[in-house]
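Numbering (UniProt numbering), first residue to last: 1 to 349. All C-beta atoms in this analysis are idealised placements derived from N, C-alpha and C, irrespective of residue type, glycine included. On a predicted model such as this, the values are computed, not experimentally measured, just so you know. Input: a single structure, listed below in structure tokens.
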């Protein structure tokens with residue numbers, strides 16, 4: 001044992017003799033701690049920090065016991081009590097700190113993932129919408145130049161070109177409107193004027209608005225209701241939800257198919273279901289149907305008869321509007337196609 005009256009060189013000599021024994025007893029504990037940390041590398045952060053704190057405490061304890069030859073002198077007993085007190089203080093602190101760091105790490109990781117997903121979605125939206133905007137603009141420019149240069153001069157041809165330009169203009173206007181609506185939703189700038197809204201009126205108006213498109217595609221649109229509930233919401237936005245879902249169902253239903261809109265009540269929620277005959281959605285795409293600008297494998301060109309494949313924003317807008325009403329929206333394959341379900345809170349009596 002080092003005496004209190006020893007000189008510094010004598011203390012260094014004692015330390016030099018003690019060092020091999022200290023390493024002999026402490027290094028195995030440190031090695032076992034390293035193995036434990038390797039095994040727990042994918043475990044809870046609180047557990048890892050607890051082991052990390054215990055390693056030096058146990059290594060110190062074993063080293064002191066080994067050097068003393070397990071002779072429990074008052075000095076050794078005091079040292080053991082100090083190590084025990086240190087462990088009692090540091091281990092709970094490590095557990096609390098580990099949990100706090102783990103929660104923060106999880107939150108930061110989720111925030112980074114959301115930011116990356118949002119950035120990827122924005123890039124995808126810009127790329128897809130740029131393509132969709134160029135197509136009608138190129139058509140309008142070509143037809144306008146043909147009319148201006150006199151290439152098209154026959155009365156019937158001029159009327160046909162004018163009708164096409166009008167159709168492309170409506171398509172552009174609808175896309176710009178969708179972009180504006182989506183930007184309001186994503187920016188949190190959407191302001192709803194909430195009131196008690198009968199779903200009967202909303203569904204009837206939406207189905208009537210889509211009747212011309214359904215007629216051109218030879219698609220039947222049916223509305224059924226076990227009861228007509230009244231929900232708490234904003235009339236224009238609710239109409240937009242139903243209109244987007246019905247329009248999407250008509251677009252993906254083949255000629256002579258049927259789109260069914262069913263209304264009911266499930267608990268304290270109103271249930272609106274839109275069934276189509278699209279043939280089902282592939283499993284690898286069904287979780288992405290509400291993503292901005294996602295349209296699966298459908299061609300990105302206007303369809304015959306003046307209808308279009310859309311800008312890929314209708315379902316994303318519907319989802320945003322449903323969530324703004326504190327509702328839920330989902331989709332699953334059902335029968336010959338798929339079913340979109342919207343659940344909205346019922347109006348309080």
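Q: Please say whether residue 275 and residue 327 have beta carbons closer to each other than 8 Å?
A: In this structure, residue 275 does not lie closer than 8 Å to residue 327 by Cβ.
**Q.** Beta-bridge pairing of residue 266 - partner residues as DSSP gives them
**A.** Answer is 269.
Q: Pair every Cβ in the region 191-205 with every Cβ in the region 160-178, then say whether three or more of these pairs are closer than 8 Å.
A: no
Q. Hey, out of 104, 131, 120 and 48, whose CA is closest to residue 92's CA?
A. In terms of CA proximity to residue 92, 48 leads the group 104, 131, 120 and 48.
**Q.** Residue from 127, 35, 151 and 339 with nearest C-alpha to residue 281
**A.** 339
Q: May I ask which residues mark the beginning and end of the beta strand (DSSP E) holding residue 285?
A: No beta strand (DSSP E) holds residue 285; DSSP gives it neither H nor E.
Q | Enclosing beta strand (DSSP E) for residue 198 [first to last residue] | A | 195-198
Q) residue 233 lies in the alpha helix (DSSP H); which residues open and close that run? A) Counting along the chain, residue 233 falls outside any alpha helix (DSSP H), though it belongs to the beta strand (DSSP E) covering 230-233.
Q. Hey, out of 85, 84 and 64, whose CA is closest to residue 76's CA?
A. 64
Q. Does the region 235-243 come within contact of the region 314-328, defined as at least 3 CB pairs closer than 8 Å?
A. yes
Q) For the beta strand (DSSP E) that residue 189 lies in, which residues bound it at each end? A) Taken as a continuous stretch (DSSP letters only), residue 189 belongs to no beta strand (DSSP E), as it is neither H nor E.
Q: Apply the 10 Å Cβ neighbour rule to residue 321 and answer buried if 16 or more other Cβ atoms are within range, or exposed otherwise.
A: Buried, since its Cβ has 16 or more Cβ neighbours within 10 Å.
Q. Taking the alpha-carbon positions, what's the residue 292 to residue 44 distance?
A. For residue 292 and residue 44, the distance between alpha carbons rounds to 35 Å.
Q) Going by beta carbon distance, what residues of the same chain come within less than 7 Å of residue 249, once the five residues before and after it are set aside? A) 259, 274 and 276
Q: Determine, using beta-carbon pairs with one atom in the region 55-62 and one in the region 76-90, whether at least three such pairs fall under 8 Å.
A: yes
Q) So, residue 255 versus residue 224, is the Cβ gap smaller than 8 Å? A) no
Q: Might you give, ordered along the chain, the residues of its own chain that have their beta carbon closer than 6 Å to the beta carbon of residue 235, omitting 5 neighbours on each side?
A: Same-chain partners within the cutoff: 197.
Q) Does DSSP put residue 346 in a helix, in a strand, or in coil? A) For residue 346, the three-state secondary structure derived from DSSP is strand.
Q) Under the rule that 16 or more other beta-carbon atoms within 10 Å means buried, what is residue 229, buried or exposed? A) buried
Q. Quick one: is residue 348 buried, meaning 16 or more other Cβ sit within 10 Å of its Cβ, or exposed?
A. Its Cβ having fewer than 16 others within 10 Å, residue 348 is exposed.
Q: Taking 8 Å as the cut-off, decide whether the C-beta atoms of residue 36 and residue 57 are in contact.
A: no
**Q.** Residues that residue 22 bridges to, as DSSP identifies them
**A.** Paired residue(s): none; residue 22 is not in a bridge.
Q) Would the beta-carbon of residue 325 fall within 8 Å of that of residue 233? A) yes
Q) From residue 226 to residue 269, what distance separates their C-alpha atoms? A) 14 Å
Q: Within the same chain, show all residues whose beta-carbon is closer than 6 Å to that of residue 313, passing over the 5 residues directly before and after it, in chain order.
A: Taking C-beta separations shorter than 6 Å and ignoring five residues to either side along the sequence, the partners of residue 313 in its chain run 178 and 182, following chain order.
Q. Which residues in the same chain as residue 168 place their Cβ atom closer than 6 Å to its Cβ, once the five residues preceding and following it in sequence are excluded?
A. Contacts found: 136, 139 and 140.
Q) Ordered along the chain, which non-local residues of its own chain (more than five positions away) have a Cβ less than 8 Å from that of residue 334? A) 275
Q: May I ask which residues mark the beginning and end of the alpha helix (DSSP H) holding residue 314?
A: Where residue 314 is concerned, the enclosing alpha helix (DSSP H) stretches over 314-324.
Q. Ordered along the chain, which non-local residues of its own chain (more than five positions away) have a Cβ less than 6 Å from that of residue 304?
A. Residue placement at residue 304 cannot be trusted, given a pLDDT of 42 that sits under 50; the coordinates are not used to answer.
Q: Could you tell me the boundaries of the beta strand (DSSP E) in which residue 69 lies?
A: Where residue 69 is concerned, there is no enclosing beta strand (DSSP E), given that its DSSP letter is neither H nor E.
Q.
For a quick check, are the C-beta atoms of residue 190 and residue 184 less than 8 Å apart?
A. yes
Q | residue 13 to residue 109 span [Cα, whole Å] | A | 52 Å
Q) Among the residues of its own chain, which have a CB less than 8 Å from the CB of residue 204, if the five just before and after it don't count? A) 223
Q | Reduced DSSP category for residue 44 - H, G, I as helix; E, B as strand; rest coil | A | coil
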